[in-house]
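As they're listed, the protein sequences go chains S and G.
Per this note's numbering, residue 1 is the first one in the first sequence, and the count goes up by one each step.
Per this note's numbering, residue 1 is the first one in the second sequence, and the count goes up by one each step.
Idealized CB from N, CA, C, for every residue including glycine.
All values derive from a computational prediction rather than experimental measurement.
Structure first, then comments.
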Amino acid sequence: MDDGCMIVLVVAGIIIAAIIAFFLVVYVILPATGIVIIGIGVAGSGWGAFVAGRNFYHVLIEAHQREK
Amino acid sequence: MNIYTPQPAYKIYAFDRGWRVLKYVVRHLFLRTQAEAEWWFKKAQGVRHWSIGEDWYKVYAAWVVIVGLWIAGGIQYVTATIVAALFIAAQVTALSLWAAISLIGMGVLSICTFAYSRYYRIFFRCPDCHRDMPIPTYICPTCSAEHSRLWPSIYGVLKHRCKACGTRLPAISAFGRKRLLRICPHCRRPLNVGIGEGTNVHVPIVGGPSTGKTNYIVMATQALKQTYEGKYGYRITFTDDEHQRNFEANLRQLASGQELLKTPDIVPQAINLKIRAPKARVPKLAYVYDAAGEAFNKSENTSLQEYYKYVDGIILIIDPFSIAAYRRLHQKEIERLRGSLRPSALDVMQTYERMMQMFEASVGLRKKRYAQPVAVVITKVDALDLEHDIGLPAAHALVASDPALASEDEAISKLVRDFLCSYDLENFVRDLESQFAKVRYFSCSALGRLPNPGDTSSFDPVRVLEPLAWLLTQSKVLSPVQQPARKQAVMPPLVMQQHR
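Take a look at the structure:
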C-alpha cells in the first residue's frame, strides 16, 4: 500500500471517528447527561415538594400548639 | 374611661395569634427547608470529593450527578417559597377579613349598646360606693379571674376565652353575661343582678336624725308594692336578696308594733327596686338612699353623700316636732310624749341648707330652677292632732271651701305649705320653691300611731304612698294615668285625741 492510500485511509478513519464521536455525544452522552441531571432534579423537586408540605404541616401544628 | 385594658383572655385569632402563627410558620419553614437542602448539597460535596483525581469520564459523570444534586437542593427552596407564598396569601386574606368582620361586629354592638343605654338612661352605678363604672368587673366562674372589660373587643365579639382556664365567657348580656358574678371595680363589693338592667332613678330620703325616714321608706315601699302590683299590674322587686330579706324583716318588726332600728350608715347603701310597668320594654331601677340623719348633722358628713350627683328627686322628711316655733308652742305636750315622739334634734333649715350645699356641689349651680322634683313630707301627723290640721279632715274642709283646689292632694299640699310658713319656715319654703321647679308638700304618718312598747298591734301607716308615688311619677317611673285612688283612710278621731 502506497503512502497516498495510507493518508486517505487515515483521513477517512478520522472523519468516521469524528462522525461516530459526534453522534455519540449528541445522541448518547448529552441525553444521558440530561437524563441524569433532570432525573436527580425531578427526584429532588418531588422530594422537595413532599418535604415542603410535610414541613409546613409540622410547623403549622407547632405554631398553633405554641399559641394554645 | 379606659376603653382598652389588658384582659386575662385570649385575643381574637385575627388580631394576635394569627399573625404570630404566620411569622412562625414562614420562619421555621425556611429553617427546615435549609436543613433539607443542606442534605442535597452535602451529597454533591461528597461526589465532588470522590471525583478528585479520577479519570475524566468519572469526573464528568460525577459533575453530572453534582449538578443534579444542586438542582434538587435548590428546588427545596423553590417549593418552600411557593408553599410559604400560598400560605401567606391565604392567611393574610383570612386574617384581614376576620379582623374586618370582627371590627364591624364590635362597632355595631358597641354603638347599639351605647345608644340603648343612653336612650334608656341605663348606667352601672354601685349602690355601695355610689360611683359610676363603664362596666362591672366580671368574675370567671371557673378560675375567679377578674375580667374588667367583658364587652365586644379584640378579646372576642360575642365571647371572651379566659386565659387562665379556657372558659368561654359571654361578652354581651343577651348571651348570658348578666348571670356571671360581678363586682364594683372601685369598692370591689358584689353588684346585684339588677344593676345595669333598667333606667336609673336615684331618690335620696333626706331628714335629720329621728325624723322617721326608715319607717317611712319601708312603709311607703310596702304601700307602693301593694297598690301598684295589686291594682295596676306593675312588677316591683328587690334586685338584691339581702335587701329583700331586710325589707321583710323590717315589715315583720313593724307588724309586731316595734319601731325600726335607727339607720347607722352615714353613707348609705342604696336599696335597689326594679319597677316594671305593664308592657314596658325596659324596667326602671330605683336607687333609694336612706342615709342616717347624722349625715346632715355636720357638713363633712353631708359632703360624703356622693350619690347627689345622680339625684332624680328628693324626699325631704320633716319632723314637725323639730320645728322650733311649733315645739315652743306645744312644749308641754311634746315633753309629755317625748319618749314616744322622739323629736328630731336637727333644725329643718340646717338639714335643708346642708342638703342644698351638697346638691349644688354635685349637680352644679344653675340660673334656672332645678328640674328634680322635691316631695316635702311632714311625718308623725298621728300625734298632737296634726292630722286634723294638715291631714284629710282639713283637706276635705279646704276643698269644700276653695273651688280652685282640684283635689285633696292639692289641698294637703297647700295646708302643709301654710303650716310650715305659719311656724317660721317661710324662708325655707320660699328658698325651696325658688331653687326647685317642682315642689309638693305632703303629710303622713309612717306608723299610724305613737309607738308603745306594750302595744304589739301592727302599725297602720297613713298616706305614705302619695309622696313616693308623686316623686316616681314625676321621674317617669310610674305612669301618671295610673295614679292610685286617693286613700280615704282617716285616723279615728278618738285615737287622735288620745295623743293630745
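Less than 9 Å between the beta carbons of residue i and residue j, yes or no?
i       : j       : result
F15(G)  : L60(S)  : no
G48(S)  : A85(G)  : no
K262(G) : A220(G) : no
R502(G) : C187(G) : There is simply no residue 502(G) to check, as chain G begins at 1 and stops at 500 in what is shown.
F124(G) : I111(G) : no
S475(G) : D347(G) : no
Y441(G) : L420(G) : yes
D455(G) : G257(G) : yes
A164(G) : A145(G) : yes
R252(G) : T199(G) : no
L329(G) : L447(G) : no
I172(G) : T137(G) : no
V78(G)  : I66(G)  : no
I236(G) : V288(G) : no
Y24(G)  : I154(G) : no
Using 10 angstroms around the beta-carbon of residue i, count the other beta-carbons present and answer buried if the total reaches 16, otherwise exposed.
i       : result
I275(G) : buried
P6(G)   : exposed
R486(G) : A caution first: R486(G) carries a pLDDT of 45, below 50, which makes its placement in the model unreliable, though a value can still be read off. Flag for R486(G) reads exposed.
S407(G) : exposed
F22(S)  : exposed
N452(G) : exposed
W151(G) : buried
S434(G) : exposed
A17(S)  : exposed
V26(S)  : exposed
I14(S)  : exposed
S413(G) : buried
K380(G) : buried
F459(G) : buried
N427(G) : exposed
Y116(G) : exposed
E38(G)  : exposed
R189(G) : exposed
D240(G) : buried
V8(S)   : exposed
Q65(S)  : exposed
V83(G)  : buried
V376(G) : buried
V108(G) : exposed
P493(G) : Confidence in P493(G) is poor, its pLDDT being 42 and thus under 50, which makes the residue's placement unreliable; the coordinate value appears in the next sentence. Classification of P493(G): exposed, given that the 10 Å Cβ count is below 16.
A90(G)  : exposed
M6(S)   : exposed
Return the residue from the list the options that minimises the CA-CA distance to residue i.
i       : options                            : result
S212(G) : P152(G), R366(G), I412(G), D382(G) : Just to set this straight, residue 212(G) is Gly in the shown sequence, not Ser. When only C-alpha atoms are compared, the closest one is D382(G).
H58(S)  : R27(G), I315(G), Q244(G), R131(G)  : R27(G)
V92(G)  : S443(G), W19(G), G194(G)           : W19(G)
P141(G) : P170(G), Y116(G), H130(G)          : P170(G)
H202(G) : D290(G), G73(G), L251(G)           : D290(G)
K367(G) : L471(G), E353(G), A437(G)          : A437(G)
Y326(G) : D431(G), L472(G), D424(G)          : D424(G)
S479(G) : Y234(G), W56(G), E242(G)           : Y234(G)
L432(G) : F359(G), K279(G), A394(G), P393(G) : F359(G)
A32(S)  : K23(G), Y60(G), S51(G), L109(G)    : Y60(G)
E197(G) : I217(G), R118(G), T167(G)          : R118(G)
A286(G) : D409(G), Q350(G), H243(G), E335(G) : H243(G)
K68(S)  : R17(G), G107(G), V374(G), P393(G)  : R17(G)
Y13(G)  : G194(G), L95(G), Q45(G), E335(G)   : L95(G)
G194(G) : Q226(G), G207(G), F238(G), S153(G) : F238(G)
Return the Cβ separation of residue i and residue j in integer angstroms, given the expectation that the two are a contact with Cβ distance under 8 Å.
i       : j       : result
I378(G) : V416(G) : 6 Å
P209(G) : S344(G) : 6 Å
L224(G) : L468(G) : 6 Å
G41(S)  : A62(G)  : Their Cβ separation, rounded to whole angstroms, is 16 Å, which puts G41(S) and A62(G) out of contact at 8 Å.
A277(G) : Y307(G) : Between Y307(G) and A277(G) the Cβ distance is about 24 Å, and since that is not below 8 Å, they are no contact.
N272(G) : P127(G) : 6 Å
A77(S)  : V21(G)  : Residue 77(S) lies beyond the stretch modelled for chain S, which goes from 1 to 68, so this question has no answer here.
G68(G)  : I37(S)  : 4 Å
H147(G) : A9(G)   : 6 Å
I317(G) : Q372(G) : Not a contact, Cβ separation roughly 16 Å.
N55(S)  : R32(G)  : 4 Å
W50(G)  : Q76(G)  : Wrong, their Cβ atoms sit about 23 Å apart, outside the cutoff.
Considering only heavy atoms of the ligand FMN, does any lie closer than 8 Å to the CB of residue i?
i       : result
I412(G) : With respect to the ligand FMN, the structure offers nothing, as it holds no ligand at all.
At least three beta-carbon pairs within less than 8 Å, the region 396-409 of chain G to the region 320-329 of chain G: no
Any 3 or more C-beta pairs closer than 8 Å across the region 95-102 of chain G and the region 170-186 of chain G: no
The region 386-397 of chain G touching the region 466-480 of chain G, judged by at least three CB pairs closer than 8 Å: no
Cβ contact (3+ pairs, closer than 8 Å) linking the region 153-165 of chain G and the region 224-244 of chain G: no
Contact the region 234-251 of chain G vs the region 348-361 of chain G: 3+ CB pairs below 8 Å: no
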